[in-house]
Structures are given as structure tokens and as C-alpha cells.
Amino acid sequence: MPEFATLSCPSCGAKLQIGNDLEKFACSHCGNEHVVKRGGGVISISPIIEQLKSVRTGVDKTASELAIRRLHQEIENLENERAGLKGSAGYTDGNGLAMIGTGLLIIAFGIAYLVSNFKFSTVLWCTGGTFVIAFIVIKAVKDGIKSGNEASERRNMLDKIISEKYMELENHEKIVSGK
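Counting along the sequence shown from 1, when you hit position 100 you're at 190 in this note's numbering, and nothing is skipped either side.
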């Protein structure tokens, strides 16, 4: 076998002198690295980049398989957290409670007026008690609305995160399937 073989660079087409002792080299014209393959009296060269691409594809596929498992678990945890928020949402609309509270106040005031036999001091005490009850009802309604708003904001944030996780999952499934 001759000491040198003349081949063309697959990247730039320049003439190359390949020695018997070379297994890997860089083209002096374009700088791309190549691997020398010998077998059955035939000498050929292939760019290292192609080999790295095939290794990278395998690594990407393995990483995506691991990411798919992780994402399924994360999505399940987020959906469980979101489902738990449904039961603890509190009041999301205070109008119904405000109407009930107002009705109870009117009824309480009317009963107090009738029970007192129209005595001013009794009506005054009943009216004061009615206003205390009204304050408590209004405070409860406000707290319920605030609690409901916080739960609603958390649900919206979880929905956004879950949606992003599903998109990421879809991308990894494409990598694994080779599409």
C-alpha cells in the first residue's frame, strides 16, 4: 500500500494527501476535521461533525425521554394542586351574600321594632345590634371575596404553568419520535 493517498475534502473539495498513519486530521484549506476510514483496500474520509450529530441525536433523545417522565410528574402535581383549589375557592362573588345580609338586617330591624312595643330605648339597642351584625356580615363578605380572588389568581397561574408544561412535553415527544 502506498504511503500517501490523494483524496478530496468532502467539505471544500481541496486535494488532500492522506498518510498511512493518519486516523484524524483537519483540512488545511477549510479547517474542517475528518476521520480516515480504511477497510478492504479502500480509504475514505468523513467529517467528524456528522459523527457528532449522530451522537447528539442520541443524547437529545435520551434527555427528552427523561424530561417526558419528569414533565408527566410535574403536570400531575400541578393539576392536583389546582383541583385542591376548587374546594377552597371561597366566595367569588359577594353580591349574593350582600343581598342575604341586607335582607337579614331588615328582618332583624323589623323584629326588633315589633318586639320592643315601640319603645325607643329597645329599638335603639336592637338597631345597634343590627349594625354590629351588618358589620360582621360585610367583613365576612369582603374576606370571602378576597379569598376567592386569591384562589382565582392562583388557579390562573397554575393553568398557565400547566399549559407551558404541556407544550414542553409535546416538544420532547417530537424529539423522541424523530419528527
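Yeah, the Cβ is synthetic: ideal placement off N, Cα and C, and Gly gets one too.
Span of the beta strand (DSSP E) around residue i
i, result
"L97", "F94 to S98"
"E123", "E123 to G129"
"L106", "K105 to G109"
Residue burial classification, residue i (beta-carbon count within 10 angstroms, cutoff 16)
i, result
"C102", "exposed"
"H162", "exposed"
"V34", "The requested residue 34 does not occur in the structure, where the chain is confined to residues 91 to 269."
"L204", "exposed"
"A241", "buried"
"T220", "buried"
"C117", "buried"
"G109", "exposed"
Contact set for residue i: own chain, Cβ-Cβ below 7 Å, skip 5 residues either direction
i, result
"A153", "none"
"E258", "L161"
"I265", "D150, K151 and S154"
"Q107", "F94 and T96"
"N239", "none"
"N167", "none"
"L175", "A241, R244 and R245"
Integer Cβ distance of residue i from residue j, believed to fall under 8 Å
i, j, result
"A157", "H262", "5 Å"
"K229", "I165", "With a Cβ gap of about 39 Å, K229 and I165 do not count as contacting."
"E113", "V125", "7 Å"
Per DSSP, the bridge partner or partners of residue i
i, result
"S134", "K127"
"F225", "Note: F225 sits in no beta bridge, so no partner."
"K114", "V125"
Cβ-based neighbour list, residue i, same chain, cut-off 6 Å, excluding 5 preceding and 5 following
i, result
"K127", "S134"
"A198", "T220"
Neighbourhood of residue i by C-beta, 8 Å cutoff - its chain only, sequence neighbours within 5 removed
i, result
"R172", "R245, L248, D249 and I252"
"L194", "I223 and V227"
"S98", "A104, K105 and L106"
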